[in-house]
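Position 195 (the sequence shown) corresponds to 539 in my numbering; numbering is contiguous.
For each residue, glycine too, the CB sits at the ideal point set by N, CA and C.
Since the model is a prediction, treat every value here as computed from it, not as a measurement.
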Amino acid sequence: MSGLFITVEGSEGSGKSTGCAHLQSRFEQCGHRVVLTREPGGTRLGEVLRDIVLTRDDLACTAMSELLIVFAARAQHLADVIEPALARGDIVLCDRFTEASYAYQGAGRELGNEAVRVLEQLVHSERQPDLTLLLDVSPEIGLARAKSAGRLDKIERESMAFFERVRSGYLERARAHPERIRVIDGGPEPSEVQRVLWSTAAELATARGLAC
Ligand SMILES: Nc1ncnc2c1ncn2[C@@H]1O[C@H](COP(=O)(O)OP(=O)(O)OP(=O)(O)O)[C@@H](O)[C@H]1O
Ligand SMILES: [Mg+2]
């Protein structure tokens with residue numbers, strides 16, 4: 345028995361957390377067990393590492409160090425949360441996954457795709473999401489939303505050029521993997537974005553024989 349692994353990606357304020365909560369409730373209404381989790385994080389180790397990446401601007405941390413930290417968190421997350429849930433047949437909804445490493449460390453921090461690919465191969469060569477929902481918004485819109493939602497973290501204080509590279513990095517990955525990564529316009533009002541997210545996720549679930 346294998347469940348369904350759906351990741352939700354996009355830059356700051358693109359609507360990932362809002363979208364994940366909506367998908368969770370829709371799948372649960374259909375009687376499915378859902379594990380909602382996030383990266384970096386999702387385990388005790390992962391949450392400590394998340395704090396280092398997002399808040400510890402008092403610590404020197406190179407782009408390569410940051411990449412290795414997010415993959416260390418990911419290895420623990422796969423072992424403790426994602427793989428056991430999929431083995432039970434649950435639906436796993438993950439708020440960011442490896443596409444975020446391509447976008448933020450590969451493109452945003454300009455490490456390039458190859459460094460990310462090497463670690464992806466090492467950490468989860470046998471596992472890819474069944475579906476990646478990429479919420480696309482301009483950095484201006486996303487950052488304005490993130491700002492109005494609360495304090496800006498370390499990454500959210502990066503330059504506009506950084507966020508433009510992140511957005512382009514995500515879109516380039518979507519062009520290279522159209523079979524898995526679906527780009528969804530995150531600009532419209534929440535109910536419209538959620539409608540598209542759900543119809544895309546439900547289409548996959550139905551194709552896999554899960555009633556919804
Ligand atoms: N489609 C939308 N239109 C307008 N506001 C939205 C929309 N979707 C979410 N928001 C609001 O924007 C803010 C950021 O949304 P959300 O937390 O879902 O984004 P996120 O992608 O998870 O952000 P982060 O990267 O900071 O975790 C929230 O206050 C949320 O209510
Ligand atoms: Mg969020």
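(request) Give the straight-line distance between the Cα atoms of Phe441 and Glu353, rounded to the nearest whole angstrom. (result) Stepping through the sequence shown from its first residue, residue 441 is reached at position 97. Stepping through the sequence shown from its first residue, residue 353 is reached at position 9. Each residue's Cα considered, the two are about 7 Å apart.
(message) Which of the three DSSP states is assigned to Glu353 in this structure?
(response) Your numbering for residue 353 matches position 9 in the sequence shown. Strand at Glu353.
(request) Say yes only if the C-beta of Pro483 is nearer than 7 Å to one or more non-hydrogen atoms of ligand 1, and no if none qualify. (result) Residue 483 sits at position 139 when you count from the first residue of the sequence shown. No.
(request) Measure the alpha-carbon distance for Ala469 versus Phe349 and round it to whole angstroms. (result) Taking the sequence shown and counting its residues from 1, the one referred to as residue 469 is at position 125. Taking the sequence shown and counting its residues from 1, the one referred to as residue 349 is at position 5. Note on identity: in this sequence residue 469 is Ser, with Ala being the wrong assignment. If you take the alpha carbons of Ser469 and Phe349, they lie about 15 Å apart.
(message) Just checking Pro384 against ligand 1 - is the residue's beta carbon closer than 7 Å to any of the ligand's heavy atoms?
(response) For the purposes of this step, residue 384 is taken as residue 40 along the sequence shown, with counting starting at 1. No, ligand 1 has no heavy atom inside 7 Å of this Cβ.
(request) Just the C-alpha distance for Ala404 and Cys374, rounded to the nearest angstrom, thanks. (result) As a first step, residue 404 must be located in the sequence shown, where it is residue number 60. As a first step, residue 374 must be located in the sequence shown, where it is residue number 30. C-alpha separation (whole angstroms): 47 Å.
(message) If contacts are defined as beta-carbon pairs under 8 Å, then Val527 and Ala518 qualify, I think. What distance do you get, rounded to the angstrom?
(response) Taking the first residue of the sequence shown as position 1, residue 527 is located at position 183. Taking the first residue of the sequence shown as position 1, residue 518 is located at position 174. Contact flag correct, Cβ pair sits at about 5 Å.
(request) Look at the Cβ atom of Arg432, then the Cβ atom of Gly347, and state whether they are nearer than 8 Å. (result) Against the sequence shown, residue 432 aligns to sequence position 88. Against the sequence shown, residue 347 aligns to sequence position 3. Yes. Within cutoff.
(message) Measuring only the C-alpha atoms, how far is Leu559 from Ser512?
(response) Here the chain comprises residues numbered 345 to 556, so residue 559 is not present and cannot be evaluated.
(request) Confirm the yes/no value for this check: CB of Asp439, any heavy atom of ligand 2, distance under 7 Å. (result) Translated into positions along the sequence shown, residue 439 becomes position 95. Between ligand 2 and the CB of Asp439, the shortest heavy atom gap is smaller than 7 Å.
(message) In the DSSP output, which residue or residues are listed as bridge partners for Thr406?
(response) What you label residue 406 is simply residue 62 of the sequence shown in a count that begins at 1. DSSP, once it has assigned bridges, lists no residue as partnering Thr406.
(message) What does the Cβ neighbour count give for Val550, buried or exposed, with the cut at 16 atoms within 10 Å?
(response) Taking the first residue of the sequence shown as 1, we reach residue 550 at position 206. One point to set straight first is that residue 550 is Thr, not Val, in the sequence displayed. Of the other Cβ atoms in all chains shown, fewer than 16 fall within 10 Å of the Cβ of Thr550; this residue is therefore exposed.
(message) Could you give the first and the last residue of the continuous alpha helix (DSSP H) run that contains Thr550?
(response) Walking along the sequence shown from the start, residue 550 turns up at place 206. Annotation: the continuous alpha helix (DSSP H) that includes Thr550 extends over Pro534 to Ala551.
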